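Asker:
Residue numbers (the working numbering): 74 to 246.
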């Protein structure tokens, strides 16, 4: 079998002999067939309905812009940015707007006191565990000293008994 391959010109070349231009030349321009002409009014209505659906509604009332685009607008929009109640940075409305200039840093003082108490608790725990270890070390040293004393006493008694037996044998011999 022999296949004939037809070479097409590159797309950038607009040659009159290309297949695409031949198809374009065969199309009828300017004339609409009678079959489609009857449907034109219906197509225009559908097209206009689609275009109209994308236009904004004329009855929409414009609202005044609010901070951070919240709707409904908040009395105090700072509420939107408040930290959680469990956070150390949380401040109630009363605390936030008092005339005390140091009220803004009160939570920092409280946080510092809290951290200090935690650290003091850790230090006291470490001191207590160190004192317990020191007591155990002293007790073990005392026990070992008592054992060595008992061992020396027993050794001395054995030596004394041995010497006494030796003297008794020498006296009678």
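Don't be surprised by glycine CBs; every beta carbon is placed ideally from N, CA and C.
If you're wondering where the values come from, they're calculated on a predicted model, not measured in any experiment.
Reducing DSSP to helix, strand and coil, say where residue 131 ends up.
Answerer: For the purposes of this step, residue 131 is taken as residue 58 along the chain shown, with counting starting at 1. Residue 131 falls in the coil class under three-state DSSP.
Asker: Per DSSP, what kind of secondary structure is residue 121 in: helix, strand or coil?
Answerer: Here residue 121 refers to the residue found at position 48 of the chain shown. In this structure, residue 121 counts as helix in the three-state DSSP scheme.
Asker: Just to confirm, is the Cβ distance from residue 123 to residue 113 under 9 angstroms?
Answerer: By 1-based counting over the chain shown, the position of residue 123 is 50. By 1-based counting over the chain shown, the position of residue 113 is 40. No, they are not a contact pair.
Asker: Nearest-angstrom Cα distance between residue 198 and residue 182?
Answerer: Numbered from 1 along the chain shown, position 125 holds the residue referred to as residue 198. Numbered from 1 along the chain shown, position 109 holds the residue referred to as residue 182. Going by the C-alpha atoms only, they are around 24 angstroms apart.
Asker: Taking only three categories from DSSP, how would you classify residue 227?
Answerer: The residue labelled residue 227 in the question sits at position 154 within the chain shown. DSSP places residue 227 in helix when its eight states are reduced to three.
Asker: When you compare only the Cα positions, how much space is there between residue 125 and residue 110?
Answerer: Numbered from 1 along the chain shown, position 52 holds the residue referred to as residue 125. Numbered from 1 along the chain shown, position 37 holds the residue referred to as residue 110. Spanning the two alpha carbons is a distance of roughly 23 angstroms.
Asker: If you drop the 5 nearest sequence neighbours on each side, which residues of the same chain put their C-beta closer than 8 angstroms to that of residue 234?
Answerer: Within the chain shown, the letter at position 161 stands for residue 234. If we look at residue 234 and ignore the five residues flanking it on each side, it has no Cβ neighbours.
Asker: Note down the Cα distance separating residue 175 from residue 168, rounded to an integer number of angstroms.
Answerer: On the chain shown, position 102 is the one that residue 175 refers to. On the chain shown, position 95 is the one that residue 168 refers to. Cα-Cα distance, rounded: 10 angstroms.
Asker: Find out if the Cβ-Cβ distance for the pair residue 180, residue 201 is shorter than 9 angstroms.
Answerer: Start at 1 with the first residue of the chain shown, and residue 180 comes out as number 107. Start at 1 with the first residue of the chain shown, and residue 201 comes out as number 128. Contact flag unset, no.
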